[in-house]
Amino acid sequence: MSKELDELKDLTRALRRRVSLSDASEWTSSTSAPARADNAAAAAASTAASKTLERAGALAELAQKIHACRACPLGATRIQAVPGVGSAEAQVMFIGEGPGFQEDHKGEPFVGRSGQLLDKIMESIGLSRKTVYIANIVKCHPMKNPADPESHGNDRPPTPEEMEASRGWLEAQIRAIRPRVIVTLGAVPAKALLGDMTPITKIRGQWRTYDPGAGLPAIKLLPTFHPAALLRNPDLKRDVWTDMKSLKQELSQP
């Protein structure tokens, strides 16, 4: 039994030596080039998976905090908070204004007619809700009459105070995901993130940069029209299509 135990210990040490290969010279001398490449690829995949889990965990934690948030009166009148939806490793974040009636009831951004159009816009350049991340400046439904959350046509734009109260949540989501590009939908998110009061008709399609803070690199930002504007004025679809082609070209760059 002692001999078998010693042999097992020797085998374990040998296996550990092969797996860890902590010394660079040992790595080079004891591992073939194809094996080193495979191991390097596996290590890279493991690192990527770890980052994805970390980002997903951060988003889940933020969602819990957003649901518990009462930083402004919207938290007391909403049906439920609407943190966001999509991939934790998204290259693109689409950011709108705030939840409406249907979003408040479902708990997901852009699920009404505007959301259906946004899905088609994304699909036109090979994107989907599973590959991007969609969020809003405010996370709760701003209502004209907060006492009647079951009433249709009760939506209103968020106030500056409501946007300021919710701003930190969106900034934390951006830092967690670290997207390559942010697309703002409509005037409100463009003004909120850029601090630029220029009308959306003047800045749409113009590439800007957003500083996420925390020492992270600047993120490219593309303002475009909100899908609801396209439903009101179909002539704007041509402009948005131009913007989406610009986005697709940006994503094709290394």
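Numbering (the numbering used here), first residue to last: 44 to 297.
The beta-carbon is built from N, C-alpha and C at its ideal position, and this holds for glycine as well.
Predicted model only: the values in this text are computed from it and were never measured.
Outcome for residue i when other beta-carbon atoms lying within 10 angstroms are tallied against a minimum of 16
i	result
W212	buried
R275	exposed
S295	exposed
D254	exposed
P4	The question about residue 4 has no answer here: the residues shown for the chain are numbered 44 through 297.
P270	buried
E205	buried
P297	exposed
E146	buried
P126	buried
D191	exposed
P201	buried
G256	exposed
K234	buried
G100	exposed
A208	buried
S157	buried
R113	exposed
Integer Cβ distance of residue i from residue j, believed to fall under 8 Å
i	j	result
I180	V231	6 Å
G139	G229	7 Å
T267	G248	7 Å
A5	L279	With the chain covering 44 to 297 only, the question about residue 5 has no answer from this structure.
A131	R98	4 Å
H184	G150	Rounded, the Cβ-Cβ distance is 11 Å, inconsistent with contact.
A111	P152	The pair is not a contact, with the Cβ atoms about 19 Å apart (cut-off 8 Å).
R218	L259	6 Å
L161	F137	7 Å
is_contact[residue i, chain D] using C-beta, thresh 7 Å
i	result
P260	Of the protein chains in the structure, only one exists, and it is not chain D.
Residue i - DSSP class collapsed to helix/strand/coil
i	result
R251	strand
M136	strand
M186	strand
D239	coil
G129	strand
T244	helix
P266	strand
N82	helix
A230	helix
D278	helix
D286	helix
I180	coil
I225	strand
D191	coil
Residue j beta carbon less than 7 Å from that of residue i
i	j	result
G129	Y176	yes
A133	I220	yes
R199	K182	no
L102	A215	no
H148	I109	no
K263	W250	yes
Proximity test, residue i beta-carbon vs the ligand MN heavy atom, cut-off 6 Å
i	result
P185	This structure does not include the ligand MN; it has no bound ligands of any sort.
- Task: Tell me, please, whether the segment 111-127 touches the segment 162-173 by the rule of three or more beta-carbon pairs shorter than 8 Å.
- Result: no
- Query: At a cut of 8 Å, does the segment 195-209 reach the segment 218-225 through at least three beta carbon pairs?
  - Reply: no
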